[in-house]
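Engineer:
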Amino acid sequence: MDMISNLLLVAFMGLIAIVAGIFEDLESDVASTSNPNSQVQLAPQVGKLHKFFNRAISGEPLLVGCMSVIAGSLCYAFLSNGYNVLFAIFISAIIATAIQAILSVTSYMGRITSQSLYNQPLFMDMLYKHVPVMMAFAFVSIFSVVLLSYLMVYLLVPAVNLSLPIVTAFMGITLGSIGSAVGDIHYGAEKLYQNQEFGSGLPVSNSGNITRMSSLGSNNSIDVLHFCSKFAGPLTGLAFGVVIFLSFWTTTVFTVEYAYIVSIILVVLITLLNYLLERNTRKKYGKYQ
643 MDMISNLLLV
653 AFMGLIAIVA
663 GIFEDLESDV
673 ASTSNPNSQV
683 QLAPQVGKLH
693 KFFNRAISGE
703 PLLVGCMSVI
713 AGSLCYAFLS
723 NGYNVLFAIF
733 ISAIIATAIQ
743 AILSVTSYMG
753 RITSQSLYNQ
763 PLFMDMLYKH
773 VPVMMAFAFV
783 SIFSVVLLSY
793 LMVYLLVPAV
803 NLSLPIVTAF
813 MGITLGSIGS
823 AVGDIHYGAE
833 KLYQNQEFGS
843 GLPVSNSGNI
853 TRMSSLGSNN
863 SIDVLHFCSK
873 FAGPLTGLAF
883 GVVIFLSFWT
893 TTVFTVEYAY
903 IVSIILVVLI
913 TLLNYLLERN
923 TRKKYGKYQ
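Using my numbering, the first residue of the sequence shown is number 643, and each one after it goes up by one.
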């Protein structure tokens, strides 16, 4: 019975991880955390003015890890003082979201004003429209990471033998890495570079030629969000959820020795599937030049 309840908990953790992954990737799309930054940064220098939110505090792993460890540390402090679990997680996520919003606004305004030399204006409606959306997604993502870490430390059997702030740091870095590796691919390939031949490199002279215009006017980061919510966000959530579920499923069902063997088999199978997928894709769309 303990194994069944533990499996249910692991499945619930996978579900939370899916939610965290979806909203982390979409938050990154609204605020342009990583992939498009070099193109957005260069665009005004080559005469391509834009309305993209250009935050670039850091890459997603560092940013999400930093915000997660802030929320995890606050939650740990609240729990140590006897606060209710959900209240502690809720307040911690709100505070971390506020910090992330402040960093996002100041970095965006600083970056855009530094490009005034190239006549790039600072659009105030970008702040009014993008910051509330970004904060909503960031809150859900941070809340999910802290809740996931809490389940690992306090409820899982066997529990993760680390403190809550450390686990939230690891989970945040892992989530940010997956968002950067999975979500950004579908963010850039299908949207920013849809006019590029499959597998082709991007010449430096064209780096600033981002997809700035749509049929109804100029694109902004919320337009990118609409696009990514159909594919990149769910894929990021699925990837993070699978990682969390498989990581704890093996140790729940099998003993430690067999869990290592099963994990190795899973890695080999996933690697083989990736190889077959890439080979079929190259056959269908052509090889890299």
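We put the CB at the ideal spot given by N, CA and C, even for glycine.
What span of residues does the alpha helix (DSSP H) with Lys-652 cover, start to end?
Structural biologist: Residue mapping note: residue 652 aligns to position 10 of the sequence shown, counting from 1. According to the sequence shown, residue 652 is Val rather than Lys. Per DSSP, Val-652 belongs to the alpha helix (DSSP H) from 644 to 673.
Engineer: So if DSSP puts Gly-859 in a beta bridge, which residue, or which two residues, is it bridged to?
Structural biologist: The sequence position of residue 859 within the sequence shown is 217, counting from 1. Ser-856.
Engineer: Can you tell me whether DSSP reads Lys-693 as helix, strand or coil?
Structural biologist: Locating residue 693 in the sequence shown gives position 51, where the first residue counts as 1. Strand.
Engineer: Taking Cβ to Cβ, would you say Ala-659 is nearer than 7 Å to Leu-806?
Structural biologist: Position 17 of the sequence shown, counted from the start, is the residue given in the question as residue 659. Position 164 of the sequence shown, counted from the start, is the residue given in the question as residue 806. No, Cβ-Cβ distance for Ala-659 and Leu-806 is not below 7 Å.
Engineer: Are the beta-carbon atoms of Glu-920 and Gly-821 separated by less than 7 Å?
Structural biologist: Sequence index remark: in the sequence shown, residue 920 carries index 278 (1-based). Sequence index remark: in the sequence shown, residue 821 carries index 179 (1-based). No, the pair does not count as a contact, with Cβ atoms beyond the cut-off.
Engineer: Quick one: residues in its chain with C-beta nearer than 8 Å to the C-beta of Phe-887, no 5 flanking neighbours on either side, listed in chain order?
Structural biologist: As a position in the sequence shown, residue 887 is number 245, starting the count at 1. Cβ neighbours of Phe-887 beyond the five flanking positions: Val-652, Ala-653, Met-655, Gly-656, Ala-659.
Engineer: Which residues mark the beginning and the end of the alpha helix (DSSP H) in which Val-885 is found?
Structural biologist: Taking the sequence shown and counting its residues from 1, one reaches residue 885 at position 243. Its alpha helix (DSSP H) spans residues 874 to 895.
Engineer: Is it buried or exposed for His-772, if we count other Cβ within 10 angstroms and need 16 for buried?
Structural biologist: Taking the first residue of the sequence shown as 1, we reach residue 772 at position 130. Counting Cβ neighbours within 10 Å, His-772 comes out buried, since at least 16 surround it.
Engineer: Assess, as a yes-or-no matter, whether the stretch 721 to 728 is touched by the stretch 738 to 757 under the definition of 3 or more beta carbon pairs within less than 8 Å.
Structural biologist: As far as the Cβ criterion goes, the stretch 738 to 757 does not touch the stretch 721 to 728, which means the pair count is below three.
Engineer: To the nearest angstrom, how far is it from the Cα of Met-643 to the Cα of Ser-710?
Structural biologist: Taking the sequence shown and counting its residues from 1, one reaches residue 643 at position 1. Taking the sequence shown and counting its residues from 1, one reaches residue 710 at position 68. For Met-643, the predicted model reports a pLDDT of 47, less than 50, meaning its position is unreliable; a value from the coordinates is still stated below. Taking the straight line joining both Cα atoms gives about 33 Å.
Engineer: At which residues does the alpha helix (DSSP H) containing Phe-781 begin and terminate?
Structural biologist: The residue labelled residue 781 in the question sits at position 139 within the sequence shown. Note, Phe-781: alpha helix (DSSP H), 766 to 792.
Engineer: Just verifying my parser: in three-state terms, what is the DSSP assignment at Leu-806?
Structural biologist: Position 164 of the sequence shown holds residue 806. Here Leu-806 sits in helix by DSSP.
Engineer: Reducing DSSP to helix, strand and coil, say where Tyr-927 ends up.
Structural biologist: Your numbering for residue 927 matches position 285 in the sequence shown. Tyr-927: helix per DSSP, three-state reduction.
Engineer: Just curious, the alpha helix (DSSP H) that Val-799 is in, first and last residue?
Structural biologist: Start at 1 with the first residue of the sequence shown, and residue 799 comes out as number 157. That residue, Val-799, is in no alpha helix (DSSP H); it is neither H nor E in DSSP.
Engineer: What does a CB cutoff of less than 6 Å around Phe-720 pick up in its chain, not counting 5 residues either side in sequence?
Structural biologist: Counted from its first residue, the sequence shown places residue 720 at position 78. Around Phe-720: Ala-730.
Engineer: In this structure, does DSSP put Gly-707 in helix, strand or coil?
Structural biologist: Here residue 707 refers to the residue found at position 65 of the sequence shown. Three-state result, Gly-707: helix.
Engineer: In terms of residue numbering, what span does the alpha helix (DSSP H) encompassing Ala-730 cover?
Structural biologist: For the purposes of this step, residue 730 is taken as the residue at position 88 of the sequence shown. 727 to 756 is the span of the alpha helix (DSSP H), which, as asked, contains Ala-730.
Engineer: Could you check how far apart the C-beta atoms of Thr-893 and Ala-881 are, in whole angstroms? I think they sit under 8 Å.
Structural biologist: The residue given as residue 893 occupies position 251 in the sequence shown. The residue given as residue 881 occupies position 239 in the sequence shown. Actually they are not in contact, since the Cβ atoms of Thr-893 and Ala-881 sit about 20 Å apart, beyond 8 Å.
Engineer: Are the Cβ atoms of Ala-780 and Thr-739 separated by less than 7 Å?
Structural biologist: Numbered from 1 along the sequence shown, position 138 holds the residue referred to as residue 780. Numbered from 1 along the sequence shown, position 97 holds the residue referred to as residue 739. Yes; because the gap between Cβ atoms is below 7 Å, this pair is in contact.
Engineer: Per DSSP, what kind of secondary structure is Asn-916 in: helix, strand or coil?
Structural biologist: Mapped onto the sequence shown, residue 916 falls at position 274. Note: Asn-916 maps to helix in three-state DSSP.
Engineer: Does the stretch 753 to 772 come close enough to the stretch 687 to 698 that 3 or more CB-CB pairs lie under 8 Å?
Structural biologist: Taking 8 Å as the limit for Cβ pairs, the verdict is that the stretch 753 to 772 does touch the stretch 687 to 698.
Engineer: Roughly how many whole angstroms lie between the Cα atoms of Pro-876 and Ile-664?
Structural biologist: Position 234 of the sequence shown holds residue 876. Position 22 of the sequence shown holds residue 664. Going from the Cα of Pro-876 to the Cα of Ile-664 covers about 5 Å.
Engineer: Between the C-alpha atoms of Ser-734 and Ser-670, what's the straight-line distance to the nearest angstrom?
Structural biologist: In the sequence shown, counting from the first residue as 1, residue 734 sits at position 92. In the sequence shown, counting from the first residue as 1, residue 670 sits at position 28. Spanning the two alpha carbons is a distance of roughly 20 Å.
Engineer: Please list, in chain order, all residues of the same chain as Leu-793 whose beta carbon is under 6 Å from its beta carbon, the five residues on each side excluded.
Structural biologist: Taking the sequence shown and counting its residues from 1, the one referred to as residue 793 is at position 151. So the qualifying residues of the chain are Met-655.
Engineer: Roughly how many angstroms lie between the CA atoms of Leu-804 and Gly-814, to the nearest whole one?
Structural biologist: Residue mapping note: residue 804 aligns to position 162 of the sequence shown, counting from 1. Residue mapping note: residue 814 aligns to position 172 of the sequence shown, counting from 1. Spanning the two alpha carbons is a distance of roughly 15 Å.
Engineer: Quick check: the Cα distance between Val-910 and Val-904, rounded to an integer number of angstroms?
Structural biologist: Stepping through the sequence shown from its first residue, residue 910 is reached at position 268. Stepping through the sequence shown from its first residue, residue 904 is reached at position 262. Roughly 10 Å between the two C-alpha positions.
Engineer: I'd like the list of long-range same chain contacts for Gly-879, defined as Cβ closer than 6 Å, with 5 residues on each side in sequence excluded.
Structural biologist: Numbered from its first residue, the sequence shown carries residue 879 at position 237. Excluding sequence neighbours, Gly-879 sits near Ile-660, Gly-663, Ile-664.
Engineer: With 16 other CB atoms within 10 Å as the buried threshold, where does His-868 fall?
Structural biologist: Looking up residue 868 in the sequence shown gives position 226. Exposed: under 16 other Cβ atoms inside 10 Å.
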